[in-house]
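Novice:
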Amino acid sequence: MTTTEIFTSELPVGERFAIQRTRFEPQKAGSKKIKRISIVSGIHGDELEGQLVIYLLAKWLKENSDKIRGIIDIYPAVNSLGVDTITRGFPLYEVDLNRVFPGGENEFLPGQVVHALSHDVKGSDIAIDIHSSNIFLREIPQIRINKEFSPTTLPLAKELNCDFIWIHDAVTVLEATFSHTMNSLGTNTLVVEMGVGMRLTKEYGTQLLNGILNLMQKEGIIESDEQFENREPFTSEIGDVFYLNAPCSGLFVASIDHCAVIKKGDKIGDIVDPLTGSILAELFAPNKGILFTLREYPVVYEGSLIARIFGENDAEN
Amino acid sequence: MQKIEIFRIDSLSRAPLVVHGYLFKGSNPKAPSIAVVGAMEGNSILPLYCASSLVDFLNNKIDKERIEGDILIIPSINHYALNIGERYWPLDKTNLNMMFPGYGLGETTQRIAQKLFDAISHYNYGISLETRVDQAHCIPHIKLLKSGYEDIESAQKFGFKIIHHKDLESTDTVSLQYNWQLWGAKAYSIVCPSEQQVDTAFSNQILQAMLRFMGKTEIIDYKLFHGYQSNILQKESIEIIKSPRSGIFIPYQKPGHYVSNGQAIGEVVNALEGNVVHKVTAPCDGMITCMFSNSLILENAVAFRIAKIG
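If you're matching them up, the sequences are chains G and E in order.
Position one of the first sequence corresponds to residue 9 (our numbering), numbered consecutively onward.
Position one of the second sequence corresponds to residue 6 (our numbering), numbered consecutively onward.
(1) According to the neighbour-count rule (16 or more other Cβ atoms, all chains shown, within 10 Å of its Cβ), is E/Glu-158 buried or exposed?
(2) Inspect the CB distances between the stretch 143-155 of chain G and the stretch 119-135 of chain G and report whether three or more fall short of 8 Å.
(3) Under 9 Å between C-beta atoms, does E/Ala-306 make it to chain G?
(4) Report, in whole angstroms, the separation of the C-beta atoms of E/Tyr-93 and E/Thr-99, which I expect to be a contact under 8 Å.
(5) At what residue ranges does the stretch 66-115 of chain G contain a whole run of the alpha helix (DSSP H), taking only runs of 4 or more?
(6) Kindly list, in the order they appear in chain G, the residues whose Cβ is closer than 9 Å to that of E/Leu-277.
(7) In the DSSP assignment, what residue or residues form a beta bridge with E/Thr-136?
(8) Would you report the Cα separation of E/Ile-253 and E/Gly-279, rounded to the nearest angstrom?
(9) Figure out for me which residue from E/Pro-145, E/Lys-247 and E/Asn-102 has the closest Cα to the Cα of E/Asn-184.
(10) Verify the CB distance criterion: does E/Asp-139 have a CB-CB separation below 9 Å to chain G?
(11) Does the beta-carbon distance from G/Thr-301 to G/Ala-315 come in below 9 Å?
(12) List the residues of chain G that E/Asp-97 touches, going by C-beta distances under 7 Å, in chain order.
(13) Could you have a look at G/Asn-321 and say whether DSSP puts it in helix, strand or coil?
(14) For a cutoff of 9 Å on Cβ pairs, would you count E/Ser-242 as touching chain G?
(15) Three or more C-beta pairs closer than 8 Å, one from the stretch 223-237 of chain G and one from the stretch 76-85 of chain G: is that the case here?
(16) Would you say G/Phe-186 and G/Asn-253 are within 9 Å of each other, going by their C-beta atoms?
(17) At the level of alpha carbons, what is the spacing between E/Lys-240 and E/Asp-172?
(18) Could you tell me how far apart the beta carbons of G/Val-21 and E/Leu-301 are, in whole angstroms, since I believe they sit closer than 8 Å?
(19) Which residues bound the beta strand (DSSP E) around G/Pro-149?
(20) Have a look at E/Ser-38, E/Glu-70, E/Ile-11 and E/Gly-90 and flag the residue whose alpha-carbon is nearest the alpha-carbon of E/Ala-192.
(21) Do the stretch 27-40 of chain G and the stretch 84-91 of chain G meet, that is, are 3 or more Cβ pairs less than 8 Å apart?
(22) Once the 5 residues before and after G/Arg-146 are set aside, which same chain residues still bring their CB inside 6 Å of it?
(23) Roughly how many whole angstroms lie between the Cα atoms of G/Ile-148 and G/Tyr-251?
(24) Which residues share a DSSP beta bridge with G/Arg-31?
(25) Less than 6 Å between C-beta atoms, sequence neighbours within five positions excluded: which residues of the same chain meet that for E/Gly-261?
(26) Would you say G/Asn-222 and G/Phe-242 are within 9 Å of each other, going by their C-beta atoms?
(27) With the cut-off set at 9 Å, would you say E/Glu-135 and E/Val-196 are in Cβ contact?
(28) Please identify, using Cβ separations under 8 Å, the residues of the stretch 177-200 of chain G that lie next to chain E, in order along the chain.
(29) At 8 Å on the CB atoms, spell out the chain E contacts of G/Asn-253, in chain order.
(30) I need the straight-line Cα distance from G/Leu-19 to E/Glu-272, nearest angstrom please.
(31) Using a Cβ cut-off of 8 Å, which residues of the stretch 257-273 of chain G contact any Cβ in chain E, in chain order?
(32) Rounded to the nearest angstrom, what separates E/Asn-65 and E/Ala-206 at their Cα positions?
(33) So, using beta-carbon positions, are E/Ile-79 and E/Ile-14 closer together than 9 Å?
(34) Give the range of the beta strand (DSSP E) segment to which E/Val-285 is assigned.
(35) With 8 Å as the C-beta to C-beta threshold (strictly closer), list the residues of the stretch 153-179 of chain E near chain G in chain order.
(36) Once DSSP output is grouped into helix, strand and coil, what is the label at G/Gln-225?
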C-alpha cells in the first residue's frame with residue numbers, strides 16, 4: 009500500500025493543498041498484465057458517502073492483501089479543501105469540479121486539478137466515481153450511465169450490488185464531467201449516486217462495498233473464496249423516470265419513507281406555510297413505481313425537485 | 006418607458022423575487038431591436054450598474070424620438086444573490102448562466118431561465134453583461150462564442166479593444182449567449198471587470214460601447230466617437246503566466262497595460278515572513294488582459310494573461 013500525492017499546490021498562508029491516492033497492488037509481482045481499477049470520491053466537497061465506502065474498501069484490502077490480483081487505486085477526497093469545509097465546489101473559485109473536465113495544465117487552478125486527476129486515472133480498466141446526490145435529495149444506491157457508453161459499462165454496473173441503473177441520454181453539458189472524460193479516454197467509468205450530502209448512510213456504504221468487491225472478483229482484481237452479495241438491479245431500460253417538482257415555494261413535509269414502492273395517487277407530502285398554518289399544496293404520486301429520489305432539505309422554491317419515481321411501461325403508467 | 010414584470014418567484018421566508026425589465030418602444034417599426042441582460046450573479050456589480058445606467062440614459066438623457074428600435078433592459082435577474090453577497094442562486098448555488106434555454110417544468114433556476122429567455126429570445130440583438138468565472142480582473146471586452154452562428158463583424162461595432170473569439174466548450178452550450186445565437190439573435194457577452202466597487206472609468210467605457218453599438222446598428226439615432234478597431238484574440242494569442250509560488254500577490258502592472266519581454270510585472274511575497282519568493286516577469290511583449298484578482302495567490306494559479314504583440 010503506497011500513498012502518493014497526485015497534485016499539490018501551496019496555499020498562500022502556511023498550508024498545502026494535495027490530492028492523495030493510495031495504491032494497493034499484488035504482494036508478488038507477476039509477468040502477466042494485470043487489471044487496474046480506480047475508485048474516486050469527493051469531487052463534490054459536500055458529498056461524504058464515498059469517504060465511508062473507500063474507508064471500508066481500504067480496510068478490507070489491508071486485511072486481505074494476499075487476495076489482491078490487480079491494482080486498486082483509491083482517491084477519497086478529490087476536492088479535499090471542500091470536503092473539510094462543507095463546500096461543494098472548489099473553494100475560492102466556487103467552481104463545480106465536475107463541470108470543468110478534462111481541464112488542462114494552463115487552465116485556472118480547478119482546471120489543473122481535474123486535469124491531474126484524469127491524467128492519473130487514465131489507463132485504468134475501470135473507474136467508479138462515488139457521489140451522494142447533494143444536501144437536498146436522498147437517493148437509493150444507483151448507477152448513472154450515459155447511453156453512449158452503455159454497451160461496455162452496463163454489464164459492469166450490474167455487478168455493483170446497487171438497486172437501480174439509470175441509463176440516460178447524452179447531454180452536451182455533461183461532457184465536462186469526470187465520467188464522460190474517462191469513458192472517452194477508454195476507461196469504463198461508472199457513476200454511483202447514493203445517500204445524501206453531508207451525511208453517511210452506513211447500510212448503503214456496506215452495500216456498495218460488497219458491490220465493488222463483487223465487481224473486482226469478477227474482473228480478477230481480487231481472488232477470494234468469499235461470495236459477495238450482488239442484488240439484481242432494475243434498469244431504466246424497462247420503464248420511465250417521472251419527476252415531481254414543487255408547484256410552489258414553502259416548507260416540504262414528506263408523508264412517505266424513502267425508497268418506497270408506491271401506487272399512483274399515493275401522497276408524497278405537503279408544502280406548508282408556517283407563518284399562516286396553511287397547506288399550500290398537497291403532492292401525490294403521478295404514477296406507480298419505486299420512489300428512488302426524495303427531497304431531504306425541506307425548504308423549496310417553485311420548481312425544486314421533490315421526488316423521482318421509476319415506473320415500468322405498463323397501461324397504468 | 007414601460008416597467009414590465011418578467012417573472013416572479015415566491016419564497017418561504019423572503020419577499021418574492023420580482024424581476025422587471027425596462028422597455029423603450031422604438032419610433033421606427035423597421036429598426037432592429039435589442040435586449041440587454043445585466044446581473045445574473047451576486048458579484049456582478051458592474052453588469053448591474055452598467056445596465057441601470059443604460060436605463061437612466063435612455064429614460065433621462067436622450068430625446069425619446071431618437072430611440073428607433075425597441076430596447077429591453079433587465080438590470081438584474083438574481084436580486085436574491087446580490088442582496089446577501091452570494092454569487093449564484095442562493096439555495097442550491099446553481100449558476101443561472103448554465104440553465105439556458107431553460108425548462109418550464111424543471112428546477113427553479115431552469116424555470117427562471119425559461120421565463121427570462123421567453124422575454125428576450127425574439128430580439129434581433131442581445132447583450133449579456135457578465136464577469137469572468139475565475140478569480141481574475143480583466144479589461145472590458147467582448148466574448149464571442151464559436152457557435153457557428155456568431156457574427157464577428159457586428160461585434161466590432163462596440164469598439165472595444167478586444168474581442169475574445171472563444172472556442173466552444175460543452176458548458177457553453179447552456180449559456181445565454183449561445184442559446185440566444187441559436188434562436189437567431191446576434192448575441193454578445195460583454196465581460197466586465199469583477200471588482201466589487203464601481204470603477205467609473207470602466208463603467209463609462211462599457212456604457213459608451215453599448216450606446217456606440219446601438220448607434221451603429223441604428224437602434225438609436227445617436228453617434229458617439231469611434232471606438233477601437235477591435236483585435237480578435239484566439240486562445241493561441243494569449244500567453245499564460247502562472248505563479249510557481251503561493252503567497253501575497255503584488256502586481257506592478259494592471260490589465261490594459263503594455264509590457265515588454267522580461268519586464269518585472271509583479272511579485273509574490275511569503276505571507277508569514279515577508280520576503281519576496283518570486284518575481285513575475287513578462288515572457289513576451291504584449292498587453293495584460295487579465296490578472297489574478299485575489300491578493301492571496303495559490304501555487305500554479307494563473308497570475309497574468311498577456312495578449313501577445315509584435
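We put the CB at the ideal spot given by N, CA and C, even for glycine.
Keep in mind it's a predicted model, so treat the numbers as computed, not measured.
Specialist: Based on what the coordinates show:
(1) Result: exposed.
(2) No, because fewer than three Cβ pairs between the stretch 143-155 of chain G and the stretch 119-135 of chain G fall closer than 8 Å, the two stretches do not touch.
(3) It does: the Cβ of E/Ala-306 has a partner Cβ on chain G nearer than 9 Å.
(4) 6 Å between Cβ atoms; contact.
(5) Here the runs fully enclosed are 88-91.
(6) Per Cβ cutoff of 9 Å: Val-21 and Gly-22.
(7) Under DSSP, E/Thr-136 shares a beta bridge with E/Cys-197.
(8) Here the alpha carbon of E/Ile-253 sits roughly 9 Å from the alpha carbon of E/Gly-279.
(9) Per the Cα distances, E/Asn-102.
(10) True, the Cβ-Cβ gap to chain G drops below 9 Å.
(11) Contact flag set, yes.
(12) For a Cβ distance threshold of 7 Å, residue set Phe-144 of chain G lies close to E/Asp-97, ordered along the chain.
(13) Residue state, collapsed to three classes: coil.
(14) Taking a beta-carbon distance threshold of 9 Å, E/Ser-242 does not count as an interface residue toward chain G.
(15) They touch, by the three-pair rule.
(16) It is not a contact, given that the beta carbons lie outside the stated cut-off.
(17) The C-alpha of E/Lys-240 lies about 8 Å from the C-alpha of E/Asp-172.
(18) G/Val-21 to E/Leu-301, Cβ: 7 Å. Contact.
(19) Taken as a continuous stretch (DSSP letters only), the beta strand (DSSP E) holding G/Pro-149 covers 145-154.
(20) Looking at the Cα atoms, E/Ser-38 is the closest of the given residues.
(21) At 8 Å Cβ cutoff, the stretches touch.
(22) The residues are Val-204, His-266, Leu-302 and Glu-304.
(23) Cα to Cα, the separation comes out at about 15 Å.
(24) DSSP lists G/Thr-10 and G/Asp-81 as the bridge partner or partners of G/Arg-31.
(25) Hits under 6 Å: Ile-144.
(26) Not in contact: G/Asn-222 and G/Phe-242 (Cβ atoms no closer than 9 Å).
(27) Yes, Cβ-Cβ distance for E/Glu-135 and E/Val-196 is below 9 Å.
(28) Result list: Thr-180, Val-181, Leu-182, Glu-183 and Ala-184.
(29) For G/Asn-253, the residues of chain E that pass the 8 Å Cβ criterion are Leu-110, Gly-111 and Glu-112, in the order they occur in the chain.
(30) Looking at the two C-alpha atoms, the distance is approximately 16 Å.
(31) Cβ contacts with chain E: Ser-257, Gly-258 and Leu-259.
(32) Taking the straight line joining both Cα atoms gives about 21 Å.
(33) Remark: C-beta atoms of E/Ile-79 and E/Ile-14 do not approach each other more closely than 9 Å.
(34) Membership of E/Val-285 in the beta strand (DSSP E) is indicated by the continuous run 281-286.
(35) Residues passing the 8 Å Cβ filter: Glu-174, Ser-175, Thr-176, Thr-178 and Val-179.
(36) When DSSP states are grouped into helix, strand and coil, G/Gln-225 belongs to the helix group.
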